[in-house]
Structure formats: C-alpha cells, structure tokens
Amino acid sequence: MPRGFGMAAIPQIREQSPLKKIDLRKLPRHIAIIMDGNGRWAQKHTLGRISGHRKGADAVRATVRTCRELGIGYLTLYAFSVENWQRPAAEVEALMGLLKEFLAKEIDELDEKGIRLMTIGNLQALKAPLRRQLKQAVERTAHNEAMVLNVALSYGGRDEIVEAAKKILRDGLAGRISPDEITRENFAGYLYTARIPDPDLLIRTSGEYRISNFLLWQTAYTEFYFTDVLWPDFQREDLLRAIAAYQARERRFGLTSDQLQKD
Ligand code: FPP
Numbered sequence: 063m064p065r066g067f068g069m070a071a072i073p074q075i076r077e078q079s080p081l082k083k084i085d086l087r088k089l090p091r092h093i094a095i096i097m098d099g100n101g102r103w104a105q106k107h108t109l110g111r112i113s114g115h116r117k118g119a120d121a122v123r124a125t126v127r128t129c130r131e132l133g134i135g136y137l138t139l140y141a142f143s144v145e146n147w148q149r150p151a152a153e154v155e156a157l158m159g160l161l162k163e164f165l166a167k168e169i170d171e172l173d174e175k176g177i178r179l180m181t182i183g184n185l186q187a188l189k190a191p192l193r194r195q196l197k198q199a200v201e202r203t204a205h206n207e208a209m210v211l212n213v214a215l216s217y218g219g220r221d222e223i224v225e226a227a228k229k230i231l232r233d234g235l236a237g238r239i240s241p242d243e244i245t246r247e248n249f250a251g252y253l254y255t256a257r258i259p260d261p262d263l264l265i266r267t268s269g270e271y272r273i274s275n276f277l278l279w280q281t282a283y284t285e286f287y288f289t290d291v292l293w294p295d296f297q298r299e300d301l302l303r304a305i306a307a308y309q310a311r312e313r314r315f316g317l318t319s320d321q322l323q324k325d
C-alpha cells in the first residue's frame with residue numbers, strides 16, 4: 063500500500079503555501095486529472111499545438127512532484143484517450159514522442175522517489191517501442207510503495223467496461239463464475255483499475271465540464287473540481303487549491319449529513 067511522507071518531511075509546503083487551509087491528515091488518497099487546454103494555451107501564445115503539449119508535459123512533471131511531496135497515494139493522469147487517435151497524425155505522433163521523452167527523462171527520478179508507474183488503457187494500440195519502454199518502466203518500479211503514478215493511455219471508460227464484461231463472460235463460460243456471483247466488488251476487479259482505489263478527487267482544467275469517457279465506473283462517488291486554468295499553466299498552488307476545495311466538502315455517499323455526524 064503506498065505510503066506518503068510524514069507531515070514532518072514537508073514543512074516547506076506548509077510554510078510557503080498560500081493556502082494554509084490544507085489538512086495534511088485528510089488528503090485525497092487518489093487524485094485523477096483530465097489535463098485539458100494544451101491547444102488553447104498554445105493558441106493564446108501564438109504557438110503550435112505541439113508546443114502546448116510540451117508545456118503540458120512540464121506541468122505533469124511538477125504535478126507528480128507535488129503529489130509525491132504531499133503524500134498522495136495515487137495519481138491518475140488522462141494522457142491519451144481512445145478518441146485522441148482521431149487527431150491529426152502529426153499531433154498523435156508528437157504526443158507519443160513526448161511520452162517517450164517523459165519516460166526516458168523521468169524514470170530514474172520516479173524510481174528514486176519510490177513511485178510506481180502503472181498504465182490503464184489499450185496498450186496494444188501503441189507502437190511496439192513505446193509499449194516496450196512502458197513495460198520496462200512498469201517492471202522497474204513495480205516494487206515501489208510511496209505513490210502510484212497511473213497513466214491512462216489509449217484509454218476509454220466505455221471500452222474498459224466492455225472489456226470487463228468480456229472477461230467475465232469468458233470466466234463464466236469456463237465455469238469460474240456464475241451470473242449470481244457477480245457483485246459490484248468483483249466486477250471492479252475485472253476493470254483496468256483492479257488494484258487501484260476509486261478516485262476521491264477528479265480535477266479537470268480549462269473550464270470544460272465533462273467526464274469525456276474517463277473512469278466512468280470509478281467516479282461514482284468522486285468529488286469533481288473544475289478550474290479555468292489551462293493545463294500547461296497548472297501549478298502547485300492550483301493543485302493545493304483543488305485539494306482545499308475537496309477538503310471543504312462533505313462526502314455523504316448517499317447518506318444524510320446527520321447520519322454522518324453520528325459516526
Ligand atoms: C488535452 O488538451 C490534452 C491532451 C489530449 C494530451 C495530454 C498530454 C500531455 C499533458 C503531455 C504528455 C503527457 C505525459 C504524461 C508526459 P487539448 O489538446 O485537447 O487542448 P484544447 O482543448 O485546448 O485543444
């Protein structure tokens with residue numbers, strides 16, 4: 063189980079943060095992010111879309127570091143959706159290139175910091191060299207326990223659910239499970255996220271208010287946080303602001319407020 067730094071290990075975050083409201087004992091265990099707005103950031107700076115993605119990769123680096131410092135257990139990033147394959151070939155190529163570059167440059171630091179890399183999505187759709195590089199990074203960091211960095215690649219929430227249904231049917235036909243034995247809990251075990259807890263907080267940048275086929279099953283009780291900040295501009299303060307907003311909410315999971323007070 064990932065464990066973060068103790069509070070004593072991160073005094074600088076407490077002292078320098080403009081948001082002293084954050085309670086380090088009540089951090090979300092799992093943060094998921096829809097990193098949106100790279101193209102608009104590029105347009106705003108009269109640059110090409112690829113420059114926006116490149117700047118977006120810098121924001122990824124910074125966000126991973128902050129989550130690790132804070133002691134967030136799981137960070138899931140929506141890096142490439144199944145729908146993104148329909149973008150211009152040059153943009154798809156550039157995004158794959160950025161991912162390769164990110165892995166090559168960051169793998170040592172990720173490993174040193176005890177970060178375990180995982181992926182969700184249809185990796186078969188990726189080219190063999192990237193798939194190999196990902197496999198090596200996943201294997202190299204498999205023993206790490208400080209944090210899980212989960213990258214959604216060629217990911218689609220509906221595809222994930224359909225794939226789960228196929229796996230259950232195969233198990234059913236093989237006599238390993240019967241229809242009445244299917245539960246919410248064991249169904250979740252057939253998803254790409256089988257060993258990952260549901261996100262507590264989902265952040266979407268760039269002022270869009272959609273789920274875009276991301277973690278459809280897993281976000282049933284996730285708190286959503288939307289910000290107008292474009293992903294390449296997303297900084298530590300923005301993440302802290304999102305966490306503070308999360309901590310100000312009451313998560314009722316369908317119960318009443320009174321019922322929660324009694325617990
Ligand atoms: C959405 O912005 C962003 C993406 C489709 C790709 C996200 C990729 C990165 C942040 C960089 C590489 C990732 C890693 C993990 C190193 P958009 O292009 O849809 O923006 P727009 O809506 O403004 O056009």
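Our numbering puts the first residue of the sequence shown at 63, with every later residue one more than the last. Yeah, the Cβ is synthetic: ideal placement off N, Cα and C, and Gly gets one too.
What separation, rounded to the nearest whole angstrom, lies between the Cα atoms of residue i and residue j?
i: Q309; j: D300; result: 14 Å
i: E174; j: Q321; result: 44 Å
i: N248; j: I230; result: 10 Å
i: T108; j: F296; result: 19 Å
i: R7; j: I244; result: Since the first residue of the chain shown is 63 and the last is 325, residue 7 is not available in this structure.
i: F164; j: Q186; result: 20 Å
i: F276; j: F142; result: 10 Å
i: R298; j: R257; result: 27 Å
i: P261; j: V213; result: 14 Å
i: F288; j: A94; result: 12 Å
i: A156; j: P241; result: 44 Å
i: K83; j: A306; result: 6 Å
i: T318; j: I96; result: 30 Å
i: R220; j: L86; result: 34 Å
i: G255; j: Y283; result: As written in the sequence, residue 255 is Thr, which differs from the Gly given in the question. If I take the Cα positions, the gap works out to 16 Å.
i: E270; j: L192; result: 30 Å
i: K167; j: D120; result: 12 Å
Below 6 Å, is the gap between the Cβ of residue i and the nearest heavy atom of the ligand FPP?
i: D320; result: no
i: M97; result: yes
i: A141; result: yes
i: N248; result: no
i: H115; result: yes
i: A214; result: no
i: V122; result: yes
i: G118; result: yes
i: F296; result: no
i: G101; result: yes
i: F276; result: no
i: L132; result: no
i: L172; result: no
i: F315; result: no
i: L192; result: no
i: F288; result: no
i: L137; result: no
i: L188; result: no
i: L160; result: yes
Secondary structure at residue i, three-state DSSP: helix, strand or coil?
i: E171; result: helix
i: M209; result: strand
i: H107; result: coil
i: A94; result: strand
i: A304; result: helix
i: A227; result: helix
i: L322; result: helix
i: A310; result: coil
i: E77; result: Low confidence applies to E77: its pLDDT is 49, below 50, so where it sits in the model is not reliable enough to give any reading.
i: A70; result: Confidence is the limiting factor: at A70 the pLDDT is only 46, short of 50, which leaves the residue's position unreliable and the question unanswerable from this model.
i: F315; result: coil
request  = Please go through the segment 234-287 and give each complete alpha helix (DSSP H) segment of 4 or more residues, from N-terminal end onward.
outcome  = You should have 246-250.
Counting only runs that start and end within the segment 122-205, where is the beta strand (DSSP E) found for 3 or more residues in a row? Here the runs fully enclosed are 136-143 and 177-182.
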